[in-house]
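Protein chains: 2
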Amino acid sequence: MNSFIYDIPTRVYFGENQLGHLGKELSKYGKRVLMVYGGGSIKSIGLYDKVVAEIKNAGLELFECSGIEPNPRVTSVNRGATICKKEKIDVLLAVGGGSTIDATKFIGAATYYEGDAWDILTRKTRITKSLPIVSILTLSATGSEMDAAGVISNMETKDKIGLMHPALFPRVSFLDPTNTYTVDAYQTACGAADILSHIMEVYFNRNQDLYMLDCVMEGLMKTVIKYTPIALTEPDNYEARANLMWASSWAINGFINGGKRQAWSCHPMEHELSAIYDITHGLGLAILTPRWLEYTLDETTVSKFYQFGVNVFDIDKNAEPMEVAKKSMDLLSDFLFNTLGLQRTFTEIGIDDSNFSIMAEKACGGSVLPGFKPLNQKDIENIFSMCL
Amino acid sequence: MNSFIYDIPTRVYFGENQLGHLGKELSKYGKRVLMVYGGGSIKSIGLYDKVVAEIKNAGLELFECSGIEPNPRVTSVNRGATICKKEKIDVLLAVGGGSTIDATKFIGAATYYEGDAWDILTRKTRITKSLPIVSILTLSATGSEMDAAGVISNMETKDKIGLMHPALFPRVSFLDPTNTYTVDAYQTACGAADILSHIMEVYFNRNQDLYMLDCVMEGLMKTVIKYTPIALTEPDNYEARANLMWASSWAINGFINGGKRQAWSCHPMEHELSAIYDITHGLGLAILTPRWLEYTLDETTVSKFYQFGVNVFDIDKNAEPMEVAKKSMDLLSDFLFNTLGLQRTFTEIGIDDSNFSIMAEKACGGSVLPGFKPLNQKDIENIFSMCL
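Residue numbers (this note's numbering), protein chains in the order written: chain A, 120 to 507; chain B, 120 to 507.
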């Protein structure tokens, strides 16, 4: 218990006006840079021009791969890898949110594989190495800027698969909170739900980790709860954006796990949901998380809910544990659906029960999700039904 | 504000039975290993034999530099560097507490310098590089296992100087809580005081950092306060030792600073104290910290004390801020001097006021310590006097 390897090699330039370091960092890996990005938002906020200027000033050669989708597709990964092979790219620069960075990670890995990148996700082939990856983050949510994982969708097979490999850690990430000022209220809220879920998947899990890490997790959750409402009403509040940005990285870079025996629950469920309905990941998590927790709350789990309620929502510690637990769930729902304004049910976003059975089966791999409470297919269908 | 570079390259193997990775990690850097350690404690707990066995099994050649002192001397650094040059050492292995790791860091740097290692500490020459450093920690206190700094004493000049350089980060550190089971109550208590001080020097400082990091710091302080008494009464309590060990690393590896404008206060004062009296660093910090805080408490600083009292010591948040502040200082003193059993005053450890003036002058460099509240020589003498 509590044995683990801590190894986060990503260097982070945090704050405004750090982009002057970009050319130097990219140059460590060569001359030929492939910039990977999504739609036009990095152009409209002026970031594209700044990045291009830094690359040119450093005397580097710029190639581009744009059009990375939210829930990035394996087709985009293959497209990027083809460019890397053809243009002999030395280093990848992801500019965007988690989807762009995730896609960039697998572009980096697929460059060293001759077949379809989907073979990497399906474990038909193993990652051996990746092109070096540098990222410039524009959305606080997935934590991809400081972890070794990514999730890729295949619209043909309706699959969405995640994979982690040490070669996928960004070497360097630029986290400038001002690059998130223009993120709209809905995406800000979904990002916050994503961050919270990353923490809660670890916090509510199979055994106790180091107490110290529970304290850290509670601090991260309090940070999201304190600053998301501020970011919603004052989108250019630096402290709010900075706190959300740094919290997003630390929610999922591996630090908070600390050797905990764990398996995640809401993420596997949500991946099936967005694989079919292509909804925003954070929204799916927001709808699922309170229902999942309500489903798992009983006398054997109540102490963790009590700890959560007292330490995160400041509920009176002298109240009955079950009362604290239930109140904490009310406050969590109130935060997600009233304060953040996210939709509360599948029904509101046009999802009915027609795929529950197949999604539940895939989520548990036809067996059991061994998380906070083990969930079989029937349990997952029940949770889906609670979300209607 | 809040711009910073985060870069902690140390890989940590945390927990029991991780030593099997040692040979592989050392071998990355070459064949010739210099093991640096202090007295016989690593032999009496059986660690020495285990380490030697791993080194031999990996086919590496072992050299030794023992006798590193608490408050390690520059003479030991020079002795180690001479071995490295003569034996063409490839990699350094520190086995011990912060003193041993600190000494090892400067042995690594001094190997690339032809003169007296003291020139490095006095900034007469600059560090260019260091031999790679691997550490096996046996005492939770200084955090040297995961930071780029060290402190070296010169008994001739009665100086104790700290220095930080990125080349001094251990490449790999082994943190096995069971290696601290035999640390006696006094050293455990001094280590806890050291960890607390590292956090409080940042927490009580010149401006607000990211709220998220305040939460993390409060969590680290709560961890020390919760688990040190357990480690004192049950020296082989794994959870207690594990929490203290991981907290010690995160208290000072740079993460909690988060771009905060800061300068430390108690450490410069304590370094003068132990430079002359050779006391245990953590004990000096324990005596100084509450007095320093009492000296700085006023209407302009009370809000931080209030936050500390409510969030760390769980004092009623509805009480008057100044009342909370004072109560938090009482509880801190109670923890350090009653719970941990450390001496409360200079008088108890045989230090009188005869060197206050010279120590205070050196501590502020003849000018001002620009910390939580700026302290000039007179202020520092006042704080020293409060410690009598």
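Just so you know, even glycine gets a beta-carbon here, dropped at the ideal spot from N, CA and C.
Item                                                                                                                      : Value
A:K248 - DSSP class collapsed to helix/strand/coil                                                                        : coil
A:E389 burial status per 10 Å Cβ neighbour count (16 or more: buried)                                                     : buried
Whole-number beta carbon distance between A:L351 and A:Y301, since they are thought to touch under 8 Å                    : Checking the sequence, you will find Thr at residue 301 of chain A rather than Tyr. Actually they are not in contact, since the Cβ atoms of A:T301 and A:L351 sit about 13 Å apart, beyond 8 Å.
Beta carbon of B:A405 nearer than 8 Å to that of B:L363                                                                   : no
Buried versus exposed, by CB contacts within 10 Å (16 or more), B:I208                                                    : buried
Beta carbon proximity, A:N362 to chain B, threshold 8 Å                                                                   : yes
C-alpha gap between B:R192 and B:N136, whole angstroms                                                                    : 32 Å
Whole-Å CB distance - B:S367 paired with B:A260, under 8 Å assumed                                                        : 6 Å
Bridge partners - A:F454, DSSP secondary structure assignment                                                             : Answer is none; A:F454 lacks a bridge partner.
Listed by chain order, chain A residues near B:N437 by CB distance under 8 Å                                              : Near B:N437 there are no residues of chain A at all, since even the closest Cβ is about 12 Å away, more than 8 Å.
Under 8 Å from the C-beta of A:P189: neighbouring residues of chain B                                                     : Simply none; closest approach about 26 Å.
Proximity to A:M340 [Cα-Cα], best of A:T201, A:L461 and A:S447                                                            : A:S447
DSSP three-state assignment for A:G186, whether helix, strand or coil                                                     : coil
B:V171, buried or exposed, once every other Cβ within 10 Å from all chains shown has been counted against 16              : exposed
B:R130 - containing alpha helix (DSSP H), residue span                                                                    : Careful: B:R130 lies outside any alpha helix (DSSP H), inside the beta strand (DSSP E) at R130 to F133.
Three-state secondary structure assigned by DSSP to A:K279                                                                : strand
Backbone CA spacing between A:V253 and A:N326 [nearest angstrom]                                                          : 35 Å
Spatial distance of A:N376 from A:V321 (CA atoms)                                                                         : 7 Å
Proximity of A:T420 and A:F491 at Cβ, strictly below 8 Å                                                                  : yes
Whole alpha helix (DSSP H) elements within the region 326-393 of chain B, 4-residue minimum                               : 330-352 and 357-369
Cut-off 8 Å between Cβ atoms - residues of its own chain near A:E91, not counting five sequence neighbours on either side : No statement about residue 91 of chain A is possible, as the shown extent of chain A runs from 120 to 507 and does not include it.
Span separating the alpha-carbon of A:N324 from that of A:G269                                                            : 22 Å
For A:R151: DSSP bridge partner residues                                                                                  : A:E180
C-beta contact flag for B:E264 and B:L287 at 8 Å                                                                          : no
Per-residue burial, B:K477 [other beta carbons within 10 Å of its own, 16 or more giving buried]                          : According to the sequence provided, residue 477 of chain B is Ile. The question's Lys does not apply to it. Under this definition B:I477 is an exposed residue.
Opening and closing residue of the beta strand (DSSP E) in which A:I124 lies                                              : F123 to Y125
Supposed contact pair A:G142 and A:L179 - C-beta distance, whole angstroms, cut 8 Å                                       : 7 Å
Beta-carbon proximity check, B:V443 vs B:V429, cutoff 8 Å                                                                 : yes
Residues in the region 338-354 of chain B having any Cβ partner in chain A nearer than 8 Å                                : G338, L339, K341, T342, K345 and Y346
Per-residue DSSP class, three states only, for A:S486                                                                     : coil
Interface residues of chain A facing B:V335 [CB-CB closer than 7 Å]                                                       : V335 and G338
B:Y305 - DSSP class collapsed to helix/strand/coil                                                                        : helix
Closest Cα partner of B:C483 within the set B:T299, B:L392 and B:M283                                                     : B:L392
C-alpha distance - B:I246 paired with B:D266, whole-angstrom precision                                                    : 16 Å
Interface residues of chain B facing A:A366 [CB-CB closer than 8 Å]                                                       : M331
Neighbour flag for A:V253 against chain B, beta carbons, 8 Å                                                              : no
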